[in-house]
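Down below is the structure, laid out as structure tokens.
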Ligand code: GUN
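Residue numbers (the numbering used here): 64 to 355.
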């Protein structure tokens, strides 16, 4: 078993991005500027957004964090999105999800200028991805592809089973893995809550990706010997032995599954750092696509 270490791979990417920023400075070019909107105080969202801002600082990107209270009216949020669309100093921005129930997430996503949508959530970017037109690929799926590619995991002709069909992970990832490109060319099975005989389907996977947000859902009996297992789950679970009083737990029961695998990504330190690295890559790309 080999660990798919997202921390190490993401550090490699951040170093490449830092070098690109340095070069841009030498050439007198603009430094990428990422903005993030965070609504409310959800623990997970606060952690992720802070990590995104910290990554910007580390690489040398500029960053702006805009915070609103849980009760912010939808029209105020939409007006901010519009202002960021028009702000020439901002190259890309994200609105951290989930949003409070009184705000229509779809309306917010549609309001973002696709050229600044570094999360790749806008239908224009999802469509571009489908047709292999340059644009932004959602950060988590892009991060998983990058993690596999940089660790020499071959996808060509492999059976890939994805558990979870969310709009931001499972569904876009199924398209990336199935496309006629390298990495890609997998035979993809996208499973979900109505899938029958899930364990049996998973046992057929050369590459098994769990993205449902249910701690420890994938057990050893669901995994083929020698499979590659990628864990996208990040659920906070109370743990009084930890300084913060909680720990992050993945969708895979790591201890029992790991010995059966050829590669496995841990939680934390697997897909999470890769999502952030991909967002940074997309932010640099936002400038390049503009020809800046
Ligand atoms: N919530 C969970 N993952 C993400 C992400 O990649 N981007 C945003 N904006 N919100 C998220």
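Built from N, CA and C at the ideal position, the CB exists for glycine as well. Computed from a predicted structure; not experimentally measured.
Return helix, strand or coil for residue i, following the three-state DSSP convention.
i           : result
residue 338 : helix
residue 125 : strand
residue 297 : coil
residue 346 : helix
residue 282 : coil
residue 117 : helix
residue 148 : helix
residue 89  : helix
residue 109 : helix
residue 222 : strand
residue 84  : helix
residue 247 : coil
residue 71  : helix
residue 324 : coil
residue 254 : strand
residue 305 : coil
residue 272 : strand
residue 262 : helix
residue 277 : coil
residue 94  : coil
residue 76  : helix
residue 310 : strand
Candidates the options: which alpha carbon is nearest residue i's?
i           : options               : result
residue 157 : 149, 198, 183 and 163 : 183
residue 250 : 222, 346 and 105      : 222
residue 335 : 180, 170, 323 and 114 : 114
residue 230 : 305, 154, 189 and 164 : 189
residue 340 : 66, 65 and 78         : 78
residue 293 : 127, 309, 276 and 108 : 276
residue 125 : 174, 95, 75 and 286   : 95
residue 137 : 179, 347, 267 and 168 : 168
residue 162 : 151, 140, 145 and 149 : 140
residue 274 : 116, 152 and 235      : 235
residue 288 : 90, 322 and 263       : 322
residue 181 : 354, 349 and 353      : 349
residue 81  : 248, 346 and 197      : 346
residue 247 : 217, 134 and 147      : 217
residue 176 : 149, 278, 241 and 116 : 149
residue 133 : 159, 146, 147 and 120 : 159
Thinking residue i and residue j are a contact (beta carbons under 8 Å), I'd like their distance in whole angstroms, please.
i           : j           : result
residue 337 : residue 106 : At roughly 21 Å, the Cβ-Cβ gap does not stay under 8 Å, so residue 337 and residue 106 are not in contact.
residue 282 : residue 320 : 7 Å
residue 296 : residue 284 : Not quite, the Cβ-Cβ distance comes to about 18 Å (not below 8 Å), so this is no contact.
residue 179 : residue 154 : 7 Å
residue 328 : residue 67  : 4 Å
residue 265 : residue 291 : Between residue 291 and residue 265 the Cβ distance is about 13 Å, and since that is not below 8 Å, they are no contact.
residue 197 : residue 352 : 7 Å
residue 99  : residue 109 : In fact, because the Cβ distance is near 11 Å, the residues do not count as touching under 8 Å.
residue 185 : residue 173 : 7 Å
residue 116 : residue 128 : 5 Å
residue 261 : residue 252 : At roughly 10 Å, the Cβ-Cβ gap does not stay under 8 Å, so residue 261 and residue 252 are not in contact.
residue 237 : residue 219 : Rounded, the Cβ-Cβ distance is 16 Å, inconsistent with contact.
Going by beta carbon distance, what residues of the same chain come within less than 7 Å of residue i, once the five residues before and after it are set aside?
i           : result
residue 130 : 101
residue 309 : 299, 300, 301 and 302
residue 206 : 334, 337, 338, 340 and 341
residue 268 : 222, 223, 224, 287 and 290
Return the chain-ordered list of same chain residues with a C-beta closer than 8 Å to the C-beta of residue i, the five sequence neighbours on each side being excluded.
i           : result
residue 72  : 209, 210, 213, 214, 336, 337 and 340
residue 75  : 213
residue 122 : 77, 80, 81, 84 and 343
Leaving out five residues before and five after residue i in sequence, what residues of the same chain have Cβ atoms less than 6 Å from its Cβ?
i           : result
residue 203 : 232 and 338
residue 118 : 339 and 343
residue 324 : 64, 290 and 292
residue 200 : 183 and 192
residue 187 : 177
Less than 7 Å between the CB of residue i and some heavy atom of the ligand PLP, yes or no?
i           : result
residue 275 : You won't find the ligand PLP in this model; what it holds is the ligand GUN.
- Item | Complete runs of the beta strand (DSSP E) confined to the stretch 127–206 [at least 3 residues] | 155–158
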